[in-house]
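> If you read the sequence shown in my numbering, its first letter stands for residue 1262, the second for the next number, and so on.
A virtual CB, placed ideally from N, CA and C, is assigned to each residue, including glycine.
It should be emphasised that the depicted structure is a prediction, and the values quoted were computed from it without experimental measurement.
Sharing a structure below in structure tokens format, with a few things to ask.
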Amino acid sequence: MEYKVITPQDKAYPQKLIGRLGDSAPENIYYNGPLDLLNRWTMAFLCADSAGGTVLNEMNQLFFTIREYEINYIGSWHSIMETEIFRLALYFKHNSLTLFSAKGLKKETFDSYLLDRFYPPLHEFPERDEYFRRAENGELLILSVAPPDENRQRRKNIMQRNWISCLLSDLVFIPYAPKGSKTYTTAKRLVKADIPVFTLEHSVAKELHQLGIPGFNRKTVRSLIEQAGAKKYGGEKIQEVDASLEVTPYKPPEKRIIQDEIKFVKENEEE
């Protein structure tokens, strides 16, 4: 896809990264879409793919409250639980969505991004049309810190993607991360760096509790996100994308969802 590059010397470079990383902030961030979405109140979401039904149930309980707020959700959107929040961000018009890819944007497209995450028959998810509507109208942001020609999801790029997505947020939600998972590794790093992060108030998240990450439930999470700066959606006009920023319209390919392409995606994944 077409993309732009931003460096720490640019005024529009995310100030959260400057403040948290200083001279270690990524030299190049590649993007397509409205970069000003990162100026909205942002929540990063990570969840290990091995999460089961208990995690889903407990997570959904919290989102009965969280979904009432105006949030820009950011993440890699790979695991099953992550794709649920991906869909939620598309369902509610007062939410925005930021995608982060471990691939280079010269190789990635909004179409190929879905191929890595929604294999048939799951590719016909209800919010699919809204996803492409936002992409084609310049309302969807995709980021990468991988070299533009990178066509594989290498572990180094995956870990960097997860880390940077958290640093771009105001608050990180990790409902589940067993020891040994990439998500757990990121969680430990967040605690060490004193980045605001929370999890479920349930024994299924005990390994995160042991790291010192606090757990919340449907009632207590409200005060947490409000203290972090989130604003409840009150039905007023939704904040629009800054029209002064030039956004390149997304031009979808002539065809979508081809089995050979899906095979190619699977073969080029690296955990």
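Can you tell me whether Thr1370 is buried or exposed, with buried defined as 16 or more other CB within 10 angstroms of its CB?
buried
> How many angstroms separate the CA atom of Leu1299 from the CA atom of Phe1353?
18 Å
> Going by CA-CA distance only, name the one from Asn1478, Gly1495, Asp1297 that's closest to Thr1326.
Asn1478
> Which of helix, strand or coil does DSSP assign to Tyr1334?
strand
> Round the Cβ separation of Val1433 and Pro1409 to the nearest angstrom and send it over; I've been treating them as touching at under 8 Å.
Going by Cβ atoms, the distance from Val1433 to Pro1409 rounds to 27 Å, so no, they are not a contact pair.
> With a cut-off of 8 Å on the beta carbons, I'd call Lys1364 and Glu1411 a contact; round off their distance for me.
Their Cβ separation, rounded to whole angstroms, is 6 Å, which keeps Lys1364 and Glu1411 in contact under 8 Å.
> With Tyr1291 as the anchor, note down where its beta strand (DSSP E) starts and where it stops.
DSSP places Tyr1291 inside the beta strand (DSSP E), whose first and last residues are 1290–1293.
> Go ahead and pull the three-state DSSP assignment for Ser1285.
helix
> Specify the secondary structure class of Gln1276 as computed by DSSP and reduced to three states.
helix
> Determine the contact status of Val1465 and Tyr1437, defining contact as a CB-CB distance below 8 Å.
yes
> I need the straight-line Cα distance from Phe1459 to Ser1430, nearest angstrom please.
13 Å
> Rounded to whole angstroms, how far is the Cβ of Tyr1264 from the Cβ of Tyr1291, which I believe are closer than 8 Å?
About 5 Å; that satisfies the 8 Å criterion.
> How would you call Asp1271, buried or exposed, if buried means at least 16 neighbouring beta carbons within 10 angstroms?
exposed
> Candidates Thr1359, Lys1440, Pro1295: which alpha carbon is nearest His1470's?
Closest in alpha carbon position to His1470, among Thr1359, Lys1440, Pro1295, is Lys1440.
> To the nearest angstrom, how far is the alpha carbon of Ala1350 from that of Tyr1380?
20 Å
> How would you write the range of the beta strand (DSSP E) that Ser1357 sits in, first residue to last?
1357–1362
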